[in-house]
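Here our numbering is used: the first residue of the sequence shown is 1, the next is one more, and so on.
Virtual Cβ for every residue (Gly too), placed ideally from N, Cα, C.
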Amino acid sequence: MYKLLILAILSLAIISCSAKDYPIDDGLVNGKPSWYWSPGYEGKLGGVGEAGFNVYGVSEQRKLATSRAIEDIARQKGLTVSSSQAVSHSAASDGTASVNIESYSVHTVEGMTISARVRQVWQDPSTDRIIVWATEE
């Protein structure tokens with residue numbers, strides 16, 4: 001079982017490294033990144049989630065924004081969200097480099113699972129709100 005888990009993590013790391021890079025926004029449109037206004041990318045549905053201050057810290061703020069982005073994708077498909085889950089895996093190949101892979105899935109009332117990938121995280125400098133852009137896998 002342990003070997004299978006290591007193989008799965010390394011496979012995901014290789015896939016992540018070979019995946020096409022998504023564009024990084026250098027400019028803003030109406031004070032927000034352009035993907036905020038048009039979150040779809042290469043024919044895939046995209047979603048945007050926002051979260052304000054969280055008493056448990058920035059990591060919880062980011063998790064909430066991510067969950068909302070994926071729920072946005074589910075809503076566009078006409079689905080009702082029942083629960084969401086975030087999984088983070090880290091693997092070091094030779095002790096000098098590490099890969100962090102984050103995958104997210106949302107389970108719907110209809111019994112479907114929506115998997116998504118976070119493409120970009122942006123923090124609004126004027127409000128400190130974290131805004132997450134995710135696209136479906």
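query, result
"What does a CB cutoff of less than 7 Å around LEU64 pick up in its chain, not counting 5 residues either side in sequence?", "ALA51 and ASN54"
"For THR127 and ASP72, what's the separation of their Cα atoms in angstroms?", "22 Å"
"When the distance is taken between beta carbons, is PRO39 closer than 8 Å to GLY27?", "no"
"Within 10 Å of its beta-carbon, does ARG75 have 16 or more other beta-carbons around it, so buried, or fewer, so exposed?", "exposed"
"Please report how far the alpha carbon of TYR41 lies from the alpha carbon of ARG62, in whole angstroms.", "21 Å"
"Reducing DSSP to helix, strand and coil, say where GLU137 ends up.", "coil"
"Relative to the alpha-carbon of ARG68, which residue among PRO33, VAL118 and VAL29 has its alpha-carbon at the smallest distance?", "VAL118"
"Just to confirm, is the Cβ distance from GLY57 to VAL132 under 8 Å?", "no"
"Quick check on SER90: buried or exposed, where buried means 16 or more other Cβ atoms within 10 Å of its Cβ?", "Since pLDDT at SER90 reaches only 49, below the 50 mark, its modelled position is unreliable, and the value read off the structure follows with that caveat. SER90 comes out exposed."
"Decide if VAL182 is buried, meaning its Cβ has at least 16 other Cβ atoms within 10 Å, or exposed.", "Only positions 1 to 137 of the chain appear in this structure, which leaves residue 182 out of reach."
"In three-state DSSP terms, what is TYR56?", "coil"
"Suppose you measure from the CA of MET112 to the CA of LEU45; what does that come to, to the nearest Å?", "16 Å"
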